[in-house]
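Numbering (the numbering used here), first residue to last: 993 to 1447.
Below: one structure, written as structure tokens.
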């Protein structure tokens, strides 16, 4: 038998060299990928360190340690990953002071010397992270302030029937803008005592900080249906839509005195200014939610820089991880689940006093203390509606019945002159069975009215 031999094969070294070349190529690619990932983590890590270095954290734990504080009574929900508050309901004090020190003087550019807590809001985030309610406490409200510790350790005694906006000065022991810890601690303790709401954290902002956040968002769109001319804040806005930068938005938020284009004088009180502040806060929230889109990374980065550089926060919010965790837990929040309102009050001259009685068409007749109780119990506020922005209709909430907003009460100084004016949130008429609604689907437009002499 003849044995057949296989045909000679090409020498193997060339194939070996090819294999070596391929392996080397794969190693180069793999090394490049790893290097890129490492570089990305280094960049991200460095960016996080930069943002955290920007943050201005104020710890008031020892300053409020001796205060009698409200009890935590609300139930909890399943915690979201990274949520710094672990699924508990969250009440955050948001306060703004009108100091003219440092960069604030450049933004405001007036000769006034003031150091008052001009804005006092409590933002409630429900335990299931499905709802945000923000209540504004008038700065001119006559209240009782608790004892507060001053910078030199002296205890400022309780004060009775004084304006809420004096709390910062009371804690600071005078007009010292650097005594922020003592000032915010006194506001914190005062709001807890007034409302009975246990506060979990705080955010303190001044003039320049607010303007920086608005500028980081590339400005905000605001509807001014009747126009506005205010000499003290050097502001003139014609009737209609306006895109405001940080400085102009600040002027808009500060205006109390002036005149509309149809010749109506502003009443000079804080209540109508609160409506404008709520309009701005709602618009800023909406812009921040939009900036969270991955398509808006430059804006998101600028906003993160402005927030961490411009605000003073409590330790609970004092890290990028905490802010990112809370933002992630709130990722599904839309404006149709955000409401802003002012509790019932009665005028006393130019001042106001919170009342424990209400009007039948507002919050179902509940008074201020009853609304605060709902906050503490993590319950929805009856009769509130989502804050309406001026671009289109308010999104529909399918799990709640909706109704047409009630006509404004001419006797109510907080009611808008025009229902189409989105300045204040509109209270909805309660249903016959007291099943209060939380949404209204009325079209929202920026209606231009009063094209007249500004005087």
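All C-beta atoms, glycine included, are put in the ideal place defined by N, C-alpha and C.
Endpoints, beta strand (DSSP E) assigned at residue i
i: residue 956; result: No statement about residue 956 is possible, as the shown extent of the chain runs from 993 to 1447 and does not include it.
i: residue 1110; result: 1109-1117
i: residue 1087; result: 1082-1089
i: residue 1128; result: 1124-1128
i: residue 1196; result: 1193-1197
i: residue 1228; result: 1227-1229
i: residue 1151; result: 1151-1155
i: residue 1134; result: 1134-1137
i: residue 1222; result: 1220-1222
i: residue 1355; result: Segment: none, residue 1355 is in no beta strand (DSSP E) and carries neither H nor E.
i: residue 1346; result: 1343-1346
i: residue 1209; result: Premise fails: residue 1209 is in no beta strand (DSSP E) and is neither H nor E.
i: residue 1306; result: Where residue 1306 is concerned, there is no enclosing beta strand (DSSP E), given that its DSSP letter is neither H nor E.
i: residue 1332; result: 1330-1333
Rounded separation between residue i and residue j - CA only
i: residue 1366; j: residue 1079; result: 18 Å
i: residue 1438; j: residue 1249; result: 22 Å
i: residue 1279; j: residue 1329; result: 15 Å
i: residue 1177; j: residue 1196; result: 11 Å
i: residue 1418; j: residue 1377; result: Interpretation of residue 1418 is limited by its pLDDT of 33, a score under 50 that renders its predicted location unreliable; the figure taken from the coordinates is listed afterwards. Those two C-alpha atoms are separated by around 6 Å.
i: residue 1183; j: residue 1130; result: 11 Å
i: residue 1128; j: residue 1334; result: 5 Å
i: residue 1396; j: residue 1375; result: Residue placement at residue 1396 cannot be trusted, given a pLDDT of 31 that sits under 50; what the coordinates show is reported in the next sentence. Straight-line Cα distance between these residues: approximately 12 Å.
i: residue 1163; j: residue 1254; result: 43 Å
i: residue 1323; j: residue 1152; result: 42 Å
i: residue 1137; j: residue 1118; result: 28 Å
i: residue 1269; j: residue 1125; result: 15 Å
i: residue 1161; j: residue 1110; result: 12 Å
i: residue 1282; j: residue 1344; result: 36 Å
i: residue 1207; j: residue 1141; result: 36 Å
i: residue 1304; j: residue 1047; result: 7 Å
i: residue 1252; j: residue 1224; result: 14 Å
i: residue 1256; j: residue 1239; result: 25 Å
i: residue 1121; j: residue 1064; result: 17 Å
i: residue 1291; j: residue 1144; result: 42 Å
i: residue 1150; j: residue 1306; result: 24 Å
i: residue 1187; j: residue 1364; result: 6 Å
i: residue 1089; j: residue 1198; result: 5 Å
i: residue 1230; j: residue 1066; result: 46 Å
i: residue 1302; j: residue 1319; result: 18 Å
i: residue 1262; j: residue 1336; result: 14 Å
i: residue 1317; j: residue 1061; result: 27 Å
Alpha helix (DSSP H) segment containing residue i, residue limits
i: residue 1187; result: 1172-1187
i: residue 1259; result: Run containing residue 1259: none; DSSP gives neither H nor E here.
i: residue 1077; result: Taken as a continuous stretch (DSSP letters only), residue 1077 belongs to no alpha helix (DSSP H), as it is neither H nor E.
i: residue 1340; result: Not the alpha helix (DSSP H): residue 1340 falls in the beta strand (DSSP E), residues 1337-1340.
i: residue 1246; result: 1238-1246
i: residue 1377; result: Here residue 1377 belongs to no alpha helix (DSSP H), and DSSP marks it neither H nor E.
i: residue 1367; result: 1360-1368
i: residue 1318; result: 1312-1321
i: residue 1163; result: 1159-1164
Distance cut-off 7 Å: residue i Cβ against heavy atoms of the ligand COA
i: residue 1057; result: Because no ligand of any kind appears in the structure shown, any question about the ligand COA cannot be addressed here.
Nearest-angstrom beta carbon gap, residue j and residue i [assumed within contact, 8 Å]
i: residue 1357; j: residue 1347; result: About 11 Å separates the two Cβ atoms, so there is no contact after all.
i: residue 1314; j: residue 1076; result: 4 Å
i: residue 1148; j: residue 1165; result: 7 Å
i: residue 1190; j: residue 1368; result: 7 Å
i: residue 1342; j: residue 1132; result: 7 Å
i: residue 1173; j: residue 1052; result: 6 Å
Identity of the residue in the options nearest residue i by Cα
i: residue 1340; options: 1110, 1072, 1135 and 1125; result: 1135
i: residue 1296; options: 1311, 1306 and 1307; result: 1311
i: residue 1372; options: 1147, 1051, 1081 and 1193; result: 1081
i: residue 1108; options: 1158, 1118, 1294 and 1186; result: 1158
i: residue 1245; options: 1273, 1044, 1118 and 1282; result: 1273
i: residue 1084; options: 1193, 1204 and 1175; result: 1193
i: residue 1247; options: 1181, 1231, 1264 and 1233; result: 1264
i: residue 1215; options: 1259, 1236, 1227 and 1049; result: 1236
i: residue 1200; options: 1221, 1232 and 1243; result: 1243
i: residue 1171; options: 1050, 1316, 1327 and 1320; result: 1050
i: residue 1180; options: 1156, 1336 and 1260; result: 1156
i: residue 1222; options: 1276, 1132, 1147 and 1258; result: 1258
i: residue 1212; options: 1261, 1294, 1271 and 1055; result: 1271
i: residue 1204; options: 1133, 1326 and 1241; result: 1241
i: residue 1210; options: 1169, 1294, 1040 and 1267; result: 1294
i: residue 1069; options: 1300, 1123 and 1362; result: 1123
i: residue 1045; options: 1055, 1300, 1308 and 1058; result: 1300
i: residue 1266; options: 1327, 1332, 1071 and 1056; result: 1332
CB contact below 8 Å: residue i versus chain B
i: residue 1324; result: This model lacks chain B altogether; it includes just one protein chain.
Review point. Between the region 1104-1118 and the region 1353-1360, do three or more beta carbon pairs fall short of 8 Å?
Key: These segments do not touch.
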